[in-house]
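As you go down the protein sequences, you meet chains A and B in turn.
Numbered per the working numbering, the first sequence spans residues 1 to 249.
Numbered per the working numbering, the second sequence spans residues 250 to 498.
I have placed the structure first, in the form of C-alpha cells, so that the comments after it can refer back to it.
Number of protein chains: 2
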Amino acid sequence: MISMKTELETSRELSGQIADAIRDAIVDGSLLVDQRLPSEAELSDKFNVSRPTVREALKRLAAQNLIRTQRGATGGAFVNRLSFEQAYGQQITTSTLLLSMNTVSFDVACEARYAMERACAPLSAARRTPDHLATMRAEIHRQSQPGLTDEAFCASDVAFHRALVDGAGNPVLSYQLAGAVEAMQPLMNMITFTARSREQIVTLHTRIADAIENGQSADADAALIELTNYTLDLGKNVMSRHQKPAPSQ
Amino acid sequence: MISMKTELETSRELSGQIADAIRDAIVDGSLLVDQRLPSEAELSDKFNVSRPTVREALKRLAAQNLIRTQRGATGGAFVNRLSFEQAYGQQITTSTLLLSMNTVSFDVACEARYAMERACAPLSAARRTPDHLATMRAEIHRQSQPGLTDEAFCASDVAFHRALVDGAGNPVLSYQLAGAVEAMQPLMNMITFTARSREQIVTLHTRIADAIENGQSADADAALIELTNYTLDLGKNVMSRHQKPAPSQ
DNA sequence: ACACCTTTAAATGTCTGACAAATGATTTCT
DNA sequence: AGAAATCATTTGTCAGACATTTAAAGGTGT
Numbered sequence: 001m002i003s004m005k006t007e008l009e010t011s012r013e014l015s016g017q018i019a020d021a022i023r024d025a026i027v028d029g030s031l032l033v034d035q036r037l038p039s040e041a042e043l044s045d046k047f048n049v050s051r052p053t054v055r056e057a058l059k060r061l062a063a064q065n066l067i068r069t070q071r072g073a074t075g076g077a078f079v080n081r082l083s084f085e086q087a088y089g090q091q092i093t094t095s096t097l098l099l100s101m102n103t104v105s106f107d108v109a110c111e112a113r114y115a116m117e118r119a120c121a122p123l124s125a126a127r128r129t130p131d132h133l134a135t136m137r138a139e140i141h142r143q144s145q146p147g148l149t150d151e152a153f154c155a156s157d158v159a160f161h162r163a164l165v166d167g168a169g170n171p172v173l174s175y176q177l178a179g180a181v182e183a184m185q186p187l188m189n190m191i192t193f194t195a196r197s198r199e200q201i202v203t204l205h206t207r208i209a210d211a212i213e214n215g216q217s218a219d220a221d222a223a224l225i226e227l228t229n230y231t232l233d234l235g236k237n238v239m240s241r242h243q244k245p246a247p248s249q
Numbered sequence: 250m251i252s253m254k255t256e257l258e259t260s261r262e263l264s265g266q267i268a269d270a271i272r273d274a275i276v277d278g279s280l281l282v283d284q285r286l287p288s289e290a291e292l293s294d295k296f297n298v299s300r301p302t303v304r305e306a307l308k309r310l311a312a313q314n315l316i317r318t319q320r321g322a323t324g325g326a327f328v329n330r331l332s333f334e335q336a337y338g339q340q341i342t343t344s345t346l347l348l349s350m351n352t353v354s355f356d357v358a359c360e361a362r363y364a365m366e367r368a369c370a371p372l373s374a375a376r377r378t379p380d381h382l383a384t385m386r387a388e389i390h391r392q393s394q395p396g397l398t399d400e401a402f403c404a405s406d407v408a409f410h411r412a413l414v415d416g417a418g419n420p421v422l423s424y425q426l427a428g429a430v431e432a433m434q435p436l437m438n439m440i441t442f443t444a445r446s447r448e449q450i451v452t453l454h455t456r457i458a459d460a461i462e463n464g465q466s467a468d469a470d471a472a473l474i475e476l477t478n479y480t481l482d483l484g485k486n487v488m489s490r491h492q493k494p495a496p497s498q
C-alpha cells in the first residue's frame, strides 16, 4: 500500500494540492523510481476528487519530469528517473526566462557564467579527452571563417564553451553551465561581432584551448578573465542601445 | 491577435503539444510578461480540442511557473514573471532528485558544489556586506555548540555556505548554488559528525570567514580546497556503508 | 506442442455538458 | 453620489461517455 497524505484543504485548487502530495511522496522516497502510481481511477477515489482533477495533477508532475505515463493494459503513471537530458532542458528554459524577462541584467548573467566556467577550467585541463580538445579546435576554426553570420558565430561560441565545460567530466557542472551558457545565447545574438572583435575572441579561445591542452590551468584562467571583460564591454554597447528602463514592478 | 502555432500532430498527446506551443510563444517573446492568454474556451476553439485538454496544457505551464491563473470576470491565465524564489524552488527540487535517484554520486556532486563555491569566494571577498559576515560568524558559533544534532549541524553548514555565496551579490550564482548546496543536504545528513570532524570544519569555516572579511580571496580558496577534500573523505566512509551498487541503467 | 490470430480487459487520452465559485463591471435604488 | 444588488465572464470541479493503446489470455490450426 502506498502511503500518501490525502487530506485536502479548501483554499488552494485541488489539482495543485494533489500534485504536491504525490511530489512529496516521490522526493522523500515513499515512491521509488519506476514504481507505478495508482491508476487515475484509484487516485480519484483516494483523494475524493474527479478524474479530470487527478489528471491535471498528474500533468503538473509530468511537466516537471517527475512521472511518465504509458497507455495500455499494463500502463499507468510511473515515477521517472530524472535524466540529465531532461534536467538540462528544464534548466535552460528556466534560465532563459530569468534573463529574457529582465529579472537579471546582462552583466550579472555574464559574470555568473564566466565565474562558473573558470571553476571548470582547472578540472578540464586535468581531464579533458582528445575529443573535447578536437571540438574546441574545430569550433575555433569555424569561428575564423569569414562570412559567418553573427548567429552562427554565437552558436559556435556556445559549442566551444560547452566542450570546455564538458571536459571537466562532471555532469553536474555541465548541467549547471548548460543553463547559464545557453540562456545567454539570445542576449549574445544581439551583439554585432565585427571582424575586429571576432579576431580578438578567436585569439582568446586559442589561448584557452592551448592552456587546456597543456594542462596549464593558470593560463586558461587568465584568458577567461580577459574574455569576461571583453564580453562585458561588447555587452555594454548593446545594452545601452536596447535595454529598456528598469521594469516598474 | 496573438500568433501561435496551432497545427497539431497525431502522435504525441495533445495537451503536451499545446503546452509546448504556448511555452514557445512565451520564450520567444510573442507573449509578454503579465499579458493575458486567451480564455480556456477560446484556446479550445483555436486548437480544436476540448476544454479539459486545454486545461491540462495550462496546468503543465503552471507547474513550471510560466503562467498564473486568476478566477473571476477579468481573470484568466497570465504570463508570469519568473521570480528567483520560484526558480530556486525548481532548481532545488530538480537537483535533489538528480542526487537522490543515484543519477550522480556523492563525489561528483561534492566536487561540483565546491568548485562553484570557489568561483564565488573572490566575489564575496570583494562585495560581502557586514550582514553576510555576521551570518557566517553566527553560524560558526552555532556549529561550535556541543550537543548539536547532526541535522542541526548540517543545516547550519548550509546556512554558512549560503551566506558565503550570497555575499558575491550575484543572484544568478546564488540561484545556481542553491540547488547544489541544498540538494546535497540529505546526503550530508547521512554523515555522522564526530566532535573531531566538527572541530576541523569549524576551523576551516573560521579561516574562510576571516579571509572573506579581510578580502584575501587566495586564503579563502585554499581553505575551500581543504574543506572539499575533507568533505570527500567524510563522504567516502558514508558511501562505503550506504551506497548501493551502480544502477543497472 | 508450437506458432499464429483473436478476443478481452485495463489503462490512459479525449470529448461533451453541466454546475459551482470567484470577481470585476454594471445597473439599480436610495 | 454612493451603496447595494445583479450580471456576465472566467476558472474550478464534477459526471459520464467513448476512443485508443497495449499486453495478456484464450482459441485455432498445423
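All C-beta atoms in this analysis are idealised placements derived from N, C-alpha and C, irrespective of residue type, glycine included.
Please read these numbers as outputs of a predicted model, since none were measured by experiment.
Original post:
Roughly how many whole angstroms lie between the Cα atoms of residue 281 (chain B) and residue 79 (chain A)?
Top reply: Within the second sequence, residue 281 (chain B) is the residue found at index 32, counting from 1. Within the first sequence, residue 79 (chain A) is the residue found at index 79, counting from 1. So the two alpha carbons sit approximately 34 Å from each other.
Original post:
Of all Cβ atoms in chain A, is any one closer than 8 Å to the Cβ of residue 324 (chain B)?
Top reply: For this step, residue 324 (chain B) is matched to residue 75 along the second sequence. No, its Cβ sits nowhere closer than 8 Å to a Cβ of chain A.
Original post:
What does residue 40 (chain A) reach in chain B if we use C-beta pairs closer than 9 Å?
Top reply: The sequence position of residue 40 (chain A) within the first sequence is 40, counting from 1. Residues of chain B passing the Cβ test: none, with the nearest at roughly 12 Å.
Original post:
What are the start and end residues of each continuous alpha helix (DSSP H) run of 4 or more residues lying completely inside the region 322 to 400 of chain B, in chain order?
Top reply: 333 to 349, 355 to 376, 379 to 393
**OP:** Please go through the same chain and pick out, in chain order, the residues whose beta-carbon is closer than 7 Å to the beta-carbon of residue 340 (chain B), but skip the five residues on each side of it.
**Re:** Counted from its first residue, the second sequence places residue 340 (chain B) at position 91. Cβ within range, chain order: 424, 427, 428.
**OP:** Below 8 Å on the Cβ atoms is my guess for residue 82 (chain A) versus residue 23 (chain A); work out the distance and round it to an integer in Å.
**Re:** Working through the first sequence from its first residue, we reach residue 82 (chain A) at position 82. Working through the first sequence from its first residue, we reach residue 23 (chain A) at position 23. No, residue 82 (chain A) and residue 23 (chain A) are not in contact; Cβ-Cβ is about 12 Å, not under 8 Å.
**OP:** Could you tell me which chain B residues have their CB closer than 7 Å to the CB of residue 59 (chain A), listed as they occur along the chain?
**Re:** One-based indexing of the first sequence puts residue 59 (chain A) at position 59. What residue 59 (chain A) touches in chain B: 264, 305, 308, 309.
**OP:** Grab me the residues of residue 449 (chain B)'s own chain with a C-beta within less than 8 Å of its C-beta, minus the 5 sequence neighbours each way, in chain order.
**Re:** For this step, residue 449 (chain B) is matched to residue 200 along the second sequence. The answer, listed in chain order, is 479.
Original post:
Tell me the DSSP bridge mates of residue 317 (chain B)?
Top reply: By 1-based counting over the second sequence, the position of residue 317 (chain B) is 68. Per DSSP, B:327.
Original post:
residue 445 (chain B) by DSSP, collapsed to three states: which one?
Top reply: As a first step, residue 445 (chain B) must be located in the second sequence, where it is residue number 196. Three-state result, residue 445 (chain B): helix.
Original post:
Are residue 134 (chain A) and residue 184 (chain A) close, meaning C-beta to C-beta below 8 Å?
Top reply: Position 134 of the first sequence, counting from 1, holds the residue named residue 134 (chain A). Position 184 of the first sequence, counting from 1, holds the residue named residue 184 (chain A). Not in contact: residue 134 (chain A) and residue 184 (chain A) (Cβ atoms no closer than 8 Å).
**OP:** Closer than 7 Å by C-beta to residue 470 (chain B): which residues in its own chain qualify, once you throw out the five before and the five after it? Chain order, please.
**Re:** Taking the first residue of the second sequence as 1, we reach residue 470 (chain B) at position 221. Counting only Cβ-Cβ distances below 7 Å, and skipping sequence neighbours, we find 367, 370.
**OP:** Tell me whether the beta-carbon of residue 316 (chain B) lies closer than 8 Å to the beta-carbon of residue 348 (chain B).
**Re:** For the purposes of this step, residue 316 (chain B) is taken as residue 67 along the second sequence, with counting starting at 1. For the purposes of this step, residue 348 (chain B) is taken as residue 99 along the second sequence, with counting starting at 1. Cβ atoms of residue 316 (chain B) and residue 348 (chain B): not closer than 8 Å.
Subject >> Between the CA atoms of residue 146 (chain A) and residue 214 (chain A) - distance to the nearest angstrom >> reply: Working through the first sequence from its first residue, we reach residue 214 (chain A) at position 214. Working through the first sequence from its first residue, we reach residue 146 (chain A) at position 146. Cα to Cα, residue 214 (chain A) sits roughly 29 Å from residue 146 (chain A).
**OP:** Return the CA-CA distance between residue 473 (chain B) and residue 268 (chain B), expressed in angstroms with no decimal places.
**Re:** Translated into positions along the second sequence, residue 473 (chain B) becomes position 224. Translated into positions along the second sequence, residue 268 (chain B) becomes position 19. About 43 Å.
**OP:** Kindly list, in the order they appear in chain B, the residues whose Cβ is closer than 7 Å to that of residue 111 (chain A).
**Re:** The count along the first sequence starts at 1 and reaches residue 111 (chain A) at position 111. Those are 419, listed as they occur along chain B.
Original post:
Would DSSP call residue 309 (chain B) helix, strand or coil?
Top reply: Taking the first residue of the second sequence as 1, we reach residue 309 (chain B) at position 60. Note: residue 309 (chain B) maps to helix in three-state DSSP.
Original post:
Taking 8 Å as the CB-CB cut-off, is residue 81 (chain A) touching chain B?
Top reply: If you number the first sequence from 1, residue 81 (chain A) lands on position 81. At least one chain B Cβ lies under 8 Å of residue 81 (chain A).
**OP:** Just tell me which of B:378, B:466, B:403 has its CA closest to the CA of residue 443 (chain B).
**Re:** Along the second sequence, one-based indexing puts residue 443 (chain B) at 194. Nearest C-alpha to residue 443 (chain B): B:403.
**OP:** Using a cut-off of 8 Å between C-beta atoms, extract the partners of residue 108 (chain A) located in chain B.
**Re:** Position 108 of the first sequence, counted from the first residue, corresponds to residue 108 (chain A). Within chain B, the residues near residue 108 (chain A) are 419, 420, 421.
Original post:
Among all the DSSP beta bridges, which residues are the ones paired with residue 23 (chain A)?
Top reply: Your numbering for residue 23 (chain A) matches position 23 in the first sequence. According to DSSP, residue 23 (chain A) bridges with nothing at all.
**OP:** Compare the C-alpha of residue 13 (chain A) against each of B:261, B:318, B:302 and name the closest.
**Re:** As a first step, residue 13 (chain A) is located in the first sequence; it is residue number 13 there, counting from the start. Ranking the options by Cα distance to residue 13 (chain A), first place goes to B:318.
Original post:
Does the separation of the CB atoms of residue 390 (chain B) and residue 412 (chain B) fall below 8 Å?
Top reply: Looking up residue 390 (chain B) in the second sequence gives position 141. Looking up residue 412 (chain B) in the second sequence gives position 163. Cβ atoms of residue 390 (chain B) and residue 412 (chain B): not closer than 8 Å.
Subject >> Closer than 8 Å at the beta carbon, the chain B residues around residue 228 (chain A) >> reply: For the purposes of this step, residue 228 (chain A) is taken as the residue at position 228 of the first sequence. By Cβ distance, chain B contributes nothing, its closest Cβ being about 12 Å from residue 228 (chain A), past 8 Å.
Subject >> Where residue 312 (chain B) meets chain A, residues with beta-carbon distance less than 8 Å >> reply: Residue 312 (chain B) sits at position 63 when you count from the first residue of the second sequence. Under the 8 Å cutoff, chain A gives 19, 59, 60, 61, 63, 64.
Original post:
Alpha carbon to alpha carbon, what distance is there between residue 138 (chain A) and residue 26 (chain A)?
Top reply: By 1-based counting over the first sequence, the position of residue 26 (chain A) is 26. By 1-based counting over the first sequence, the position of residue 138 (chain A) is 138. Their backbone Cα atoms lie some 43 Å apart in a straight line.
Original post:
Considering residue 438 (chain B), what are the terminal residues of the alpha helix (DSSP H) in which it resides?
Top reply: Here residue 438 (chain B) corresponds to residue number 189 of the second sequence, with the count starting at 1. First-last of the alpha helix (DSSP H) with residue 438 (chain B): 420 to 438.
Original post:
At a Cβ threshold of 8 Å, is residue 280 (chain B) touching chain A?
Top reply: The residue given as residue 280 (chain B) occupies position 31 in the second sequence. No, no contact with chain A.
**OP:** Determine the burial state of residue 50 (chain A): buried for a count of at least 16 other Cβ atoms within 10 Å of its Cβ, exposed for fewer.
**Re:** Taking the first residue of the first sequence as position 1, residue 50 (chain A) is located at position 50. Burial call: exposed.
**OP:** Could you tell me if residue 419 (chain B) is buried or exposed, where buried requires 16 or more neighbouring beta carbons within 10 angstroms of its beta carbon?
**Re:** Here residue 419 (chain B) refers to the residue found at position 170 of the second sequence. Looking at its Cβ environment, which holds 16 or more other Cβ atoms inside 10 Å, residue 419 (chain B) is buried.
Subject >> Reduced DSSP secondary structure (H/G/I, E/B, other) of residue 411 (chain B) >> reply: For the purposes of this step, residue 411 (chain B) is taken as the residue at position 162 of the second sequence. Residue state, collapsed to three classes: helix.
Original post:
What number of angstroms, rounded off, separates the C-alpha of residue 173 (chain A) from the C-alpha of residue 344 (chain B)?
Top reply: Indexing the first sequence from 1 puts residue 173 (chain A) at position 173. Indexing the second sequence from 1 puts residue 344 (chain B) at position 95. Looking at the two C-alpha atoms, the distance is approximately 12 Å.
Subject >> Closer than 8 Å to chain B by CB, residue 8 (chain A) >> reply: One-based indexing of the first sequence puts residue 8 (chain A) at position 8. Chain B, which has no Cβ nearer than 8 Å to the Cβ of residue 8 (chain A), makes this no.
Original post:
chain B beta carbons: is any one of them nearer than 8 Å to that of residue 90 (chain A)?
Top reply: For the purposes of this step, residue 90 (chain A) is taken as residue 90 along the first sequence, with counting starting at 1. Cβ-Cβ to chain B under 8 Å: yes for residue 90 (chain A).
**OP:** Report the neighbours of residue 301 (chain B) on chain A: residues whose CB is nearer than 7 Å to its CB, in chain order.
**Re:** Position 52 of the second sequence, counted from the start, is the residue given in the question as residue 301 (chain B). Ordered by position in chain A, the residues that pass the 7 Å Cβ test against residue 301 (chain B) are 52.
**OP:** Check whether the Cβ atoms of residue 10 (chain A) and residue 46 (chain A) sit closer than 8 Å, and answer yes or no.
**Re:** Position 10 of the first sequence, counting from 1, holds the residue named residue 10 (chain A). Position 46 of the first sequence, counting from 1, holds the residue named residue 46 (chain A). No, the Cβ-Cβ distance between residue 10 (chain A) and residue 46 (chain A) is not below 8 Å.
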